[in-house]
Structure formats: structure tokens, C-alpha cells
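Written out below as C-alpha cells is the structure these notes cover.
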Amino acid sequence: MQKFFICKKCGMCCKNNGIVIIYPEDVIKISEYLEIQTVYFLKKYCNQCFLKNAKSQLEIYYMHVGDKCAFLDENNLCKINCVKPIQCQYGPSQYFLSINSQENCVQYKEKNLIAKAEIDDSFFVKKLLKGYDILREI
């Protein structure tokens, strides 16, 4: 019998030495919530890289989680839960780029767990590209 993924708030997906892609709408929401400028948020919490091809270049922001996400508190709860990044909203069951995020997850150690809903990768790509248009306007 298959079971649906239910978060147990163990914090393991936030302690996995991986990365969290920061979408432009994440930058805006988190900065507003923390009452800081977007530029300050990007400098303090994010790294950037560029994805290039022959015709274009896309700037990507990400947070390196390391041993523990900067926004994980001592009770394994997210300090910015109401505005947490898109990747965190959908992970670890549907979208996570972090190293061993599903393997570290207590729930995924059990067999036959499935995501609540399947989401096509294009959903995340479209959100990313749409968001960068928004961020350029700031």
C-alpha cells in the first residue's frame, strides 16, 4: 500500500549540504517579510551563478544550505515558513536539488512513499523565467 508524504518536521531536508534555488518572487517575499532591501537579502543569504548558451544568459540565485539552513530554528521549524522559498514549499517530495534530500528525509526512508501531486518541471521553469522579469523591474 502506498502512503502519501506527510512532513514530520524533523528538519533533515534543511540540513543536507545542498542548495535551494531562490526564485525572484522568493527574493521579494522574503525581503519584505524580513523588512530588508532585496539587494541586502541577496548579498547576505544568496550566491549567484549564470546559465549560458550561445544566445542568452540567465542569472540564478541560490542559498547554500551547508549543515543547516540559515532560516531553520532550534526546533527544526522554518523561521520564514509563511514566505519560504518555492523549492521548500514543494520539497522534498516534489522538487529538491539538494544532495541526498530525499535520502535524508525520515519519511522517504520508509518504502512506497509518493508525492501528493505530480508537478511538471515546466511549472518551475516558467516561474523562474517570469520572476526574473519582475525582479528586473525593482
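When we follow this note's numbering, the leftmost residue of the sequence shown carries the number 43, and every step to the right adds one.
The C-beta atom is built at its ideal place from N, Cα and C for all residues, glycine as well.
Taking 8 Å as the threshold (C-beta atoms), are TYR103 and GLN90 in contact?
yes
Distance, LYS172 Cα to LYS51 Cα:
31 Å
Do ILE69 and LEU84 have their CB atoms nearer than 8 Å?
Note on residue identity: the sequence assigns Val, not Ile, to residue 69. Result yes, Cβ atoms of VAL69 and LEU84 sit closer than 8 Å.
Kindly indicate which residue of GLU101, LYS86, PHE165, GLU77 has the alpha-carbon position closest to the one of GLN129.
PHE165
Quick test of your reading: LYS110 and LYS71, contact by CB under 8 Å. State the CB separation rounded to the nearest angstrom.
With a Cβ gap of about 22 Å, LYS110 and LYS71 do not count as contacting.
Are there 16 or more other CB atoms within 10 angstroms of the CB of TYR82, so buried, or fewer, so exposed?
exposed
What does the alpha-carbon distance come out to for the pair HIS106 and PRO66?
Cα-Cα distance, rounded: 16 Å.
With DSSP as the reference, identify every bridge partner of LYS94, one or two as the case may be.
DSSP lists GLN99 as partners of LYS94.
So for ASN89, helix, strand or coil by DSSP?
strand
Could you name the residues that DSSP lists as bridge partners for MET105?
VAL62
Between which two residues does the alpha helix (DSSP H) containing CYS111 stretch?
Careful: CYS111 lies outside any alpha helix (DSSP H) and carries neither H nor E.
With a threshold of 16 other CB atoms inside 10 Å of the CB of CYS55, please say whether the residue is buried or exposed.
buried
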